[in-house]
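K.L.:
Protein chains in written order, with the UniProt record's numbering: chain A, 1 to 61; chain B, 1 to 61; chain C, 1 to 61; chain D, 1 to 61; chain E, 1 to 61; chain F, 1 to 61. Each residue gets a CB set at the ideal place from its N, CA and C atoms; glycine is no exception. Note that the coordinates shown come from a computational prediction; the quantities given were computed from them, not determined experimentally.
6 protein chains.
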Amino acid sequence: MPYVTVKMLEGRTEDQKRALVEKVTAAVSATTGAPPEKVTVFIEDLKKSNYGVNGKLQSDV
Amino acid sequence: MPYVTVKMLEGRTEDQKRALVEKVTAAVSATTGAPPEKVTVFIEDLKKSNYGVNGKLQSDV
Amino acid sequence: MPYVTVKMLEGRTEDQKRALVEKVTAAVSATTGAPPEKVTVFIEDLKKSNYGVNGKLQSDV
Amino acid sequence: MPYVTVKMLEGRTEDQKRALVEKVTAAVSATTGAPPEKVTVFIEDLKKSNYGVNGKLQSDV
Amino acid sequence: MPYVTVKMLEGRTEDQKRALVEKVTAAVSATTGAPPEKVTVFIEDLKKSNYGVNGKLQSDV
Amino acid sequence: MPYVTVKMLEGRTEDQKRALVEKVTAAVSATTGAPPEKVTVFIEDLKKSNYGVNGKLQSDV
């Protein structure tokens, strides 16, 4: 606790995900007072063909 | 806003997903008053081996 | 199946939710081929104080 | 209803998932009073490279 | 890990939730091999006015 | 995109949530390259009576 889920378009590198987990954990810990070892981060990779905005599938845009 | 997530068995074609995003966005916009460009749709593909009903894995049914 | 979740700002009336469920179910059924009785809709009410865009809590905007 | 989602590291066998669905459905039915045929279970497979604890991506640990 | 979410209609007592957490944790631990102290359970209470099946808001049924 | 959900025990003040949204948005933007105006944050408040660890409801602990 807290549990953080980041949903974003697929294609980020493992280096980007490593940095994301590090920095988001620090931000959550600093602002909620939870110790870093209690912060869990889940990343969800989204395909453009599973993502729609304004009625349009983003793989078409 | 609104954010819509549709979880369904994998195997739908991109044409079906395109139509789904278009029609669901229209339905949400018409009934909530949100403009279509503010409606986001996420699709989640579910494997039968990750789906259980009545205690039975659906890949066995 | 399919399972649809609609997250939106709180404050919609029960009439709006009733219409939302009806129209979204019809849209999902028509485009996926699932019969309407297999379509489930969950609505999640979001408070502005639990919603941030561009780094700003929306209860402040 | 109820709808149960189990998020866990990928790599479980189909036999483990079959047992998980069976036993979790029984546990939910027994404690909530819902009949087993009304219990739905979704499994989400998580990659270690999408999972962070204590600021560290678990694929590095 | 694993992380379990149980979404169900509101109105269950704390005793039912206590039993649910105990029994679901045991079922998940026994079938996945994860130790009980690594199993997390989240309960989500659903209002009938936020739940639709077959195009009908369940608060109307 | 990205969409971030932070689930945590209820009781944080609006000031804490404001800081959380600001700092998490900055962390996500810096590490993914997404502009801040494309980062959305949802906060979910969790009751202790809806949260279980190690088979124990946290309202009992």
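Along chain E, which residues have their Cβ under 9 angstroms away from the Cβ of LYS17(C)?
P.N.:
Near LYS17(C) (Cβ distances below 9 angstroms), the residues of chain E are SER49, ASN50, GLY52, LEU57 and SER59.
K.L.:
Three or more beta-carbon pairs under 8 angstroms between the region 25-32 of chain F and the region 39-49 of chain E, yes or no?
P.N.:
Contact fails: fewer than three Cβ-Cβ distances are below 8 angstroms.
K.L.:
Is the number of C-beta pairs between the region 2-10 of chain B and the region 37-44 of chain B that are closer than 8 angstroms three or more?
P.N.:
Touching, yes.
K.L.:
Quick check: is the beta carbon of LYS38(A) nearer than 7 angstroms to any beta carbon in chain F?
P.N.:
Taking Cβ atoms only, chain F never reaches closer than 7 angstroms to LYS38(A), which makes this a no.
K.L.:
What does LEU46(D) touch in chain A if you count any residue whose Cβ is under 8 angstroms from its own?
P.N.:
The answer, in chain order, is PHE42.
K.L.:
Pick helix, strand or coil for GLU44(A), following the three-state DSSP scheme.
P.N.:
Reduced to three states, the DSSP call for GLU44(A) is strand.
K.L.:
Within the continuous alpha helix (DSSP H) that includes THR31(C), where are the two ends?
P.N.:
It spans 14-32 - the alpha helix (DSSP H) in which THR31(C) sits, taken as one unbroken run.
K.L.:
If we cut at 7 angstroms on Cβ distances, does PRO35(B) have a partner in chain C?
P.N.:
No, because no Cβ of chain C sits closer than 7 angstroms to the Cβ of PRO35(B).
K.L.:
Based on the DSSP secondary-structure assignment, which residues constitute the bridge partners of VAL6(C)?
P.N.:
Note: VAL6(C) sits in a beta bridge opposite VAL4(B) and ILE43(C).
K.L.:
Can you name the residues of chain H whose CB is closer than 8 angstroms to the CB of GLU14(A)?
P.N.:
Absent from the structure: chain H. Protein chains present are A, B, C, D, E and F.
K.L.:
Between THR25(B) and chain A, is there a C-beta pair that is closer than 7 angstroms?
P.N.:
So, interface residue.
K.L.:
Roughly how many whole angstroms lie between the Cα atoms of ASP15(F) and GLU10(C)?
P.N.:
Roughly 21 angstroms between the two C-alpha positions.
K.L.:
Within the 7 angstroms Cβ cut-off, does VAL21(F) reach chain C?
P.N.:
VAL21(F) counts as touching chain C.
K.L.:
According to DSSP, what are the bridge partners of GLY52(F)?
P.N.:
GLY52(F) pairs with VAL41(E) and LEU57(F).
K.L.:
Specify the secondary structure class of PRO35(F) as computed by DSSP and reduced to three states.
P.N.:
Coil, per DSSP.
K.L.:
Output needed for SER29(C): all residues of its chain with C-beta closer than 7 angstroms, excluding positions within five of it in sequence on either side, in chain order.
P.N.:
If we look at SER29(C) and ignore the five residues flanking it on each side, its Cβ neighbours are PRO35, PRO36 and VAL39.
K.L.:
Check whether the Cβ atoms of THR31(E) and LEU57(D) lie closer than 7 angstroms to each other.
P.N.:
No, these two residues do not count as a Cβ contact at 7 angstroms.
K.L.:
Taking LYS7(B) as the reference, give the member of SER59(A), GLY55(A), TYR51(A) and VAL61(A) with the closest Cα.
P.N.:
The option with the nearest alpha carbon to LYS7(B) is TYR51(A).
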